[in-house]
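Sequence lines, in order, name chains A and B.
Residues in the first sequence are numbered from 1 upward in steps of one, following the working numbering.
Residues in the second sequence are numbered from 1001 upward in steps of one, following the working numbering.
Cβ coordinates follow ideal geometry from the N, Cα and C atoms, glycine included.
The structure displayed is predicted, hence computed values, not measured ones.
Let me begin by presenting the structure, written as structure tokens, before commenting on it.
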Amino acid sequence: MNDRPRTINRRHFLRHSASVLAFGASGLALRASGAGESKAVVDPMRVPGILPRPYGERSPFETQQRVGGAGPGAPHGWGANAPNNFNSLTPLQDLHGIITPSALHFERHHNGVPAIDPARHRLAVHGLVKRPLIFTVKELERLPSTSRIAFLECSGNTWDGWREAQDVTVQDIYGLTSTSEWTGVRLSTLLEAVGVRGEAKWMLAEGSDAAGLDRSVPLTEDVLNEAMICYGQNGEALRPEQGYPLRLVLPGFEGNINVKWLRRLKLGSDPFMTRWETAKYTDLLSDGKAYQFTLVMEAKSVITSPSGQQRIQPGFHEVSGLAWSGRGRVKSVDVSVDGGRTWRAAQLQEPVLSKCHTRFQFSWRWNGEEATLQSRCIDETGYTQPTREDLVKVRGTNSLYHYNAIQSWKVERDGRIRNIYA
Amino acid sequence: MDGSATSTHKYVMGITVLICALSTVSLGRSADEQVDYGIGRPMSEQEIRAWNIDVSPNGDGLPPGQGTVKHGAQVYAGKCAACHGPTGTEGPKDKLVGGQNTLKTPKPVRTIGSYWPYATTLYDYINRAMPYNAPQSLTPDEVYSVIAWLLFQNQVIVEDAVIDAQTLPKVQMPNRDGFVSDPRPDVPNR
């Protein structure tokens, strides 16, 4: 349990701040925390409330957490059990709307989270440029800025889809995707400042973590129009786990290339062929060839409620989920309750933004019979999320990355939800 | 280690294909022009050299120094074997050696010898990120040597080969032609 320090802090806080608090409302005991302490007064209208605090915390009744582990499919663990090549999964089943709270944003690190003093951090921009420049974080914050809400998805998300179906939660298999409002400087602004030479077609982005993670970014029209060097996430500074104090954000591209702890951009004429774009993050097909520079995350969707390992009762259910596409806006989402035999249009919840999680909803009355819930996303390019059968037909099952097939949740007669391939 | 002209030609062709497939465009007017915000400090050549740690497939960025298989065996045993196994095949971390002829099987083993397309990537990665508990602690001779050992173990170079800034970019990796540029969308709509 990683919440021990928080539990101690909370107990400390309660003991010292509010002797007037009444304890012992057993009906309001905290669920699932195991703390065994009451968090609420019997009648909040008859007791003065606690004092405000300088940096907010969620209600102690809210216990949603990321699930942590060592890479997709590896055993889970936190604290001493956590390896440095860590990943953690967003609890999609517990979230509302489209924004992922920064504290619940998924993580993937390749040698721990560096501790960086923003006053000492620099971003160097050089290579095929007329005037190589080096920037402090404060200087970048003085340049014209922009904000954009966009999803970020690890291309290893739903990695398990390439293997046999396991009985898992939506967090376990889909948790490597999150959405934030990102704020920073447009890449094009920095490129204007240094004056890019005409022969520059690629850009190396390098992080200042212990992996020195480096990726080659093609300077396509989309990249030049949309890439950002970000210092802000959801209105405040980036979280350390998200690249504090600077990260690259390439909307719609696989998570790994959105380089965190960004220290250097080097313009070049050719890709740099780093380990991350050759040995990793390439898609091995059944004929032994592999796709390379598969940067765009293709359209995808998943029903988050109800979802894996949950149990439902017969009656009304507002089926809800997320859909997204790295190629643009979600045009529509269809939902099936009979394993894809028939489809009906789900309702899209505003806002529907380009390269962003989009919330969809579908009213359903469960009659207690077996059912298989599916969703399929169609994006503004007309691309339709494939069935698993169609995807595997083309890619085989060795790809590891970029799995985006239609998800199937089987509803058993007893209301238990199970991950299956249908 | 031979036929450098051929491998260079292949390299250029491969990159050209990739660039075309990604529909990389020439930079628009805005990026090509220089706008002086008066923000940011010019970098000196000396400063750029200190920051510029990457290595390209054509060998750009490789430092002076050299390595041998024999020296590499010592470096590997002392600093790498604990995670990658005594011969590079055991793990528990990434398997570095072996895996030939497995890419088409249900259990592909992606190693340096079976999968990596460029030998220069070894320098870029090992120099910046290895060993895991002490990244950037190896000397150029140690990096070149451990690369020599890894390439020899994978039967890519001979035992008395010397690896340096001139020879490393010329090493022809077995899976050099194993990659195709992203053809997606590749699954037809129903």
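Any C-beta of chain B under 9 Å from that of residue i
{"i": "Pro132 (chain A)", "result": "yes"}
{"i": "Met273 (chain A)", "result": "yes"}
{"i": "Leu95 (chain A)", "result": "no"}
{"i": "Asn426 (chain A)", "result": "Lying before the first or after the last residue shown, residue 426 (chain A) is absent from chain A, which here runs from 1 to 422."}
{"i": "Lys331 (chain A)", "result": "no"}
{"i": "Ser408 (chain A)", "result": "no"}
{"i": "Gln292 (chain A)", "result": "yes"}
{"i": "Val259 (chain A)", "result": "no"}
{"i": "Asn66 (chain A)", "result": "Before going on, a small fix: residue 66 (chain A) reads as Arg here, not Asn. Not one chain B Cβ lies under 9 Å of Arg66 (chain A)."}
{"i": "Arg418 (chain A)", "result": "no"}
{"i": "Asn87 (chain A)", "result": "no"}
{"i": "Ser301 (chain A)", "result": "no"}
{"i": "Glu164 (chain A)", "result": "no"}
{"i": "His110 (chain A)", "result": "yes"}
{"i": "Ser286 (chain A)", "result": "yes"}
{"i": "Arg120 (chain A)", "result": "no"}
Residue i - partner residues in DSSP beta bridges
{"i": "Thr983 (chain B)", "result": "The question about residue 983 (chain B) has no answer here: the residues shown for chain B are numbered 1001 through 1190."}
{"i": "Glu1142 (chain B)", "result": "The partner list for Glu1142 (chain B) (beta bridge, DSSP) is empty, contrary to what the question assumes."}
{"i": "Tyr174 (chain A)", "result": "In DSSP, Tyr174 (chain A) forms no bridge with anything."}
{"i": "Cys154 (chain A)", "result": "Looking at the DSSP assignment, Cys154 (chain A) forms no beta bridge with any residue, so it has no partner."}
{"i": "Cys230 (chain A)", "result": "A:Gly184 and A:Arg247"}
{"i": "Arg416 (chain A)", "result": "A:Arg311"}
{"i": "Tyr421 (chain A)", "result": "For Tyr421 (chain A), which the question treats as bridged, DSSP gives no partner whatsoever."}
{"i": "Arg148 (chain A)", "result": "A:Trp182"}
{"i": "Trp364 (chain A)", "result": "A:His317"}
{"i": "His126 (chain A)", "result": "A:Lys266"}
{"i": "Gln347 (chain A)", "result": "A:Gln361"}
{"i": "Cys377 (chain A)", "result": "A:Val333"}
{"i": "Gln292 (chain A)", "result": "B:Ser1181"}
Closer than 7 Å at the beta carbon, the chain E residues around residue i
{"i": "Arg58 (chain A)", "result": "Among the protein chains in the structure shown, which are A and B, there is no chain E."}
Exposure of residue i, with buried meaning 16 or more beta-carbon neighbours within 10 Å
{"i": "Met228 (chain A)", "result": "buried"}
{"i": "Asn258 (chain A)", "result": "buried"}
{"i": "Val249 (chain A)", "result": "buried"}
{"i": "Ala25 (chain A)", "result": "Low confidence applies here, because Ala25 (chain A) scores a pLDDT of 37, under 50, leaving its location unreliable; read the following figure in that light. Classification for Ala25 (chain A): exposed."}
{"i": "Ile50 (chain A)", "result": "exposed"}
{"i": "Pro1183 (chain B)", "result": "exposed"}
{"i": "Thr1105 (chain B)", "result": "exposed"}
{"i": "Pro1042 (chain B)", "result": "exposed"}
{"i": "Pro251 (chain A)", "result": "buried"}
{"i": "Ser1145 (chain B)", "result": "buried"}
{"i": "Pro91 (chain A)", "result": "buried"}
{"i": "Thr1068 (chain B)", "result": "buried"}
{"i": "Phe61 (chain A)", "result": "exposed"}
{"i": "Ala342 (chain A)", "result": "Ala is not the amino acid found at residue 342 (chain A); the sequence shown has Thr there. Under this definition Thr342 (chain A) is an exposed residue."}
{"i": "Arg215 (chain A)", "result": "buried"}
Test: residue i CB closer than 9 Å to a CB of chain A
{"i": "Ala1129 (chain B)", "result": "yes"}
{"i": "Gly1099 (chain B)", "result": "no"}
{"i": "Tyr1076 (chain B)", "result": "no"}
{"i": "Ile1019 (chain B)", "result": "Any reading at Ile1019 (chain B) needs caution, since the residue's pLDDT is 44, under 50, leaving its predicted position unreliable; the model's value is listed next. So, interface residue."}
{"i": "Ile1053 (chain B)", "result": "yes"}
{"i": "Val1146 (chain B)", "result": "no"}
{"i": "Gly1085 (chain B)", "result": "no"}
{"i": "Val1156 (chain B)", "result": "no"}
{"i": "Ala1057 (chain B)", "result": "Looking at the sequence shown, residue 1057 (chain B) is not Ala but Pro. Closer than 9 Å: yes."}
{"i": "Gly1040 (chain B)", "result": "yes"}
{"i": "Pro1106 (chain B)", "result": "yes"}
{"i": "Pro1188 (chain B)", "result": "yes"}
{"i": "Glu1047 (chain B)", "result": "yes"}
Could you tell me whether the segment 387–405 of chain A touches the segment 345–363 of chain A, using the rule of 3 or more Cβ pairs below 8 Å? The segment 345–363 of chain A and the segment 387–405 of chain A do not touch, with fewer than three beta-carbon pairs separated by less than 8 Å.
Quick one: any contact between the segment 113–129 of chain A and the segment 351–363 of chain A, if contact means 3 or more CB pairs under 8 Å? The answer is no - the segment 351–363 of chain A does not touch the segment 113–129 of chain A, with fewer than three Cβ pairs under 8 Å.
Using 8 Å as the threshold, is the segment 261–281 of chain A in touch with the segment 367–387 of chain A, meaning 3 or more CB pairs across them? By the Cβ criterion, the segment 261–281 of chain A is not in contact with the segment 367–387 of chain A, since fewer than three pairs of Cβ atoms, one from each stretch, lie closer than 8 Å.
Stretch-stretch touch, CB-based, cutoff 8 Å, three pairs: the segment 402–422 of chain A with the segment 368–380 of chain A: Segments in contact, yes.
Residues from the segment 167–200 of chain A in contact with chain B, defined by Cβ distance under 7 Å: Within the segment 167–200 of chain A, the qualifying residues are Ser188, Leu191, Glu192, Ala193, Gly195, Val196, Gly198 and Ala200.
Is it the case that the segment 1106–1122 of chain B contacts the segment 1156–1169 of chain B, given that we only count it when at least three CB pairs across the two stretches are under 8 Å? Contact check between the segment 1156–1169 of chain B and the segment 1106–1122 of chain B: three or more CB pairs, one atom from each, fall below 8 Å, which counts as touching.
Does the structure place the segment 393–404 of chain A close enough to the segment 287–306 of chain A that three or more beta carbon pairs sit under 8 Å? In short, these stretches touch, since the Cβ pair count reaches three.
Residues of the segment 1113–1137 of chain B with Cβ closer than 8 Å to any Cβ of chain A, in chain order: Residues Tyr1115, Trp1116, Pro1117, Tyr1118, Thr1120, Thr1121, Asp1124, Tyr1125, Arg1128, Ala1129, Tyr1132, Pro1135 and Gln1136.
Quick check: the segment 274–283 of chain A against the segment 1100–1118 of chain B, are there 3 or more CB pairs under 8 Å? With the cut-off at 8 Å, the segment 274–283 of chain A and the segment 1100–1118 of chain B touch.
Tell me which residues of the segment 127–151 of chain A have at least one Cβ-Cβ distance to chain B shorter than 7 Å, keeping chain order. Taking 7 Å as the Cβ-Cβ cut-off against chain B, the residues of the segment 127–151 of chain A that qualify are Lys130, Arg131, Pro132, Leu133, Ile134, Phe135, Glu139, Arg142 and Leu143.
Mind checking the segment 1159–1185 of chain B against chain A and listing, in chain order, the residues whose C-beta falls within less than 8 Å of any C-beta there? Per Cβ criterion, the list reads Gly1178, Phe1179, Val1180, Ser1181, Asp1182, Pro1183, Arg1184 and Pro1185.
Do three or more CB pairs link the segment 1153–1167 of chain B to the segment 309–317 of chain A at distances below 8 Å? Contact between the segment 1153–1167 of chain B and the segment 309–317 of chain A is absent, because fewer than three Cβ pairs lie under 8 Å.
Stretch pair the segment 130–149 of chain A + the segment 179–195 of chain A: three plus CB contacts closer than 8 Å: By the C-beta criterion, the segment 130–149 of chain A is judged to be in contact with the segment 179–195 of chain A, since at least 3 inter-stretch pairs fall below 8 Å.
Counting beta carbon pairs with one atom in the segment 131–143 of chain A and one in the segment 151–168 of chain A, are three or more of them shorter than 8 Å? Two segments are said to touch when three or more pairs of C-beta atoms, one from each, lie closer than 8 Å; by this definition the segment 151–168 of chain A does not touch the segment 131–143 of chain A.
Counting pairs of Cβ atoms below 8 Å between the segment 196–204 of chain A and the segment 93–112 of chain A, do you hit three or more? Touching, no.
Using 8 Å as the threshold, is the segment 216–223 of chain A in touch with the segment 118–128 of chain A, meaning 3 or more CB pairs across them? No, because fewer than three Cβ pairs between the segment 216–223 of chain A and the segment 118–128 of chain A fall closer than 8 Å, the two stretches do not touch.
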